[in-house]
Amino acid sequence: LAGLKGVGEAVSKPLEYYFNNLVSTMVISKMCLKYGVGKFVFSSSATVYGDQPSPLKEDMELKKTTNPYGEIKAMSERILTDTSIANPNFSVSLLRYFNPVGAHESGLIGEDPNGIPNNLMPFVTKVAKGQLEKLSVFGNDYDTIDGTGVRDYIHVVDLAKGHVKAIENLKDGVNIYNLGTGRGTSVLELVNAFMKVNDIDVPYEIVGRRPGDIATCFADVSKAKKELGWKAELGIEEMVRDAWRFEQNNK
Ligand code: UDP
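Using the working numbering, the letters of the sequence shown map in sequence onto residues 109 to 359.
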């Protein structure tokens, strides 16, 4: 969870990302073996699937990743898997996050990225607050419901609960779980939900596609439900409501 997380930044600073994210995972694993820590929960990402048709399922073969950030997640999964095979007392849960958004409902804990946000939701909240002029919607010519990119947004509190369930139900060997809702939402659907639920305007314009983006990405969530007894409870309304509540409190 202390990993660097900027996809674009990883493209311009690959070595920094490989050193920080990959080497630290290896060092932590090594220390786990040395000190007899046999349970490892890894924060992975849906980006390891590469560009292939959704719904994405844990047993799918991984396709080529599109940037160093995703490559490091895929390599880390492999390193942890090999480590577990060689050390049967070292159990690993690989959690593939889809698109975490929102904030704690208290409005006290949320995300506050440095500089101009790269991700959609923090960008939307800054536009709503008047700190950024307008949202650029990256492409409306994808083969999706309204032409804009479709993602599986998951409320960060549901994501956190997924970790608790993963720890409580850790099994021997390596087990992989998607943490998503199983539902796809387009950029315009998310922006419209934000405006409606929060009764605030979010000016936007359609611009060209962002390099490296794919049209659609959403999870098959049946495995986490079956094996961990976990499923996401919160929907897009709660996500946009809590994201905006945090942003308003955020001084
Ligand atoms: N997006 C957008 N404008 C922005 C940021 C993101 O239109 O300023 C779109 C992006 O093209 C993708 C979706 O929003 O379809 C989610 O992007 P984000 O960077 O939040 O997550 P990703 O799925 O790339 O990890």
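From the three backbone atoms N, C-alpha and C, an ideal C-beta is built for every residue, glycine too. Given the structure is predicted, the values throughout are model-derived calculations rather than measurements.
Inter-residue Cα distance where the pair is residue i and residue j
i           : j           : result
residue 176 : residue 131 : 14 angstroms
residue 120 : residue 282 : 32 angstroms
residue 271 : residue 149 : 8 angstroms
residue 279 : residue 228 : 35 angstroms
residue 344 : residue 189 : 34 angstroms
residue 353 : residue 144 : 42 angstroms
residue 302 : residue 308 : 8 angstroms
residue 215 : residue 221 : 16 angstroms
residue 166 : residue 174 : 19 angstroms
residue 268 : residue 250 : 31 angstroms
residue 134 : residue 274 : 21 angstroms
residue 262 : residue 138 : 32 angstroms
Member of the options whose CA lies at the smallest distance from the CA of residue i
i           : options               : result
residue 358 : 202, 211, 207 and 189 : 211
residue 140 : 266, 192, 286 and 291 : 192
residue 341 : 329, 246 and 242      : 329
residue 256 : 332, 356 and 314      : 314
residue 349 : 289, 264, 336 and 269 : 264
residue 322 : 156, 133 and 112      : 156
residue 316 : 268, 248 and 338      : 248
residue 112 : 216, 181 and 296      : 181
residue 116 : 137, 178, 159 and 165 : 178
residue 351 : 137, 237 and 170      : 237
residue 327 : 289, 306 and 296      : 289
Own chain residues within Cβ distance below 6 angstroms of residue i, not counting five before or after
i           : result
residue 258 : 252, 292, 294 and 324
residue 202 : 150, 152, 185 and 284
residue 205 : 153 and 287
residue 161 : none
residue 333 : 339
Bridge partner(s) assigned by DSSP for residue i
i           : result
residue 284 : 202
residue 296 : DSSP output for residue 296 lists no bridge partner at all.
residue 259 : 293 and 325
residue 164 : 327
residue 246 : 315
Residues near residue i by beta carbon distance below 7 angstroms, same chain, minus five either side
i           : result
residue 197 : 146
Close beta carbons around residue i, own chain, < 8 angstroms, minus the five adjacent residues each side
i           : result
residue 312 : 235, 242, 243, 244, 245 and 299
residue 195 : 141
residue 240 : 224, 231 and 234
residue 122 : 176
residue 126 : 176 and 180
To test your reading of the DSSP string, which unbroken alpha helix (DSSP H) runs of 4 or more residues are found completely within the segment 109-145? 115-120, 122-125 and 132-142
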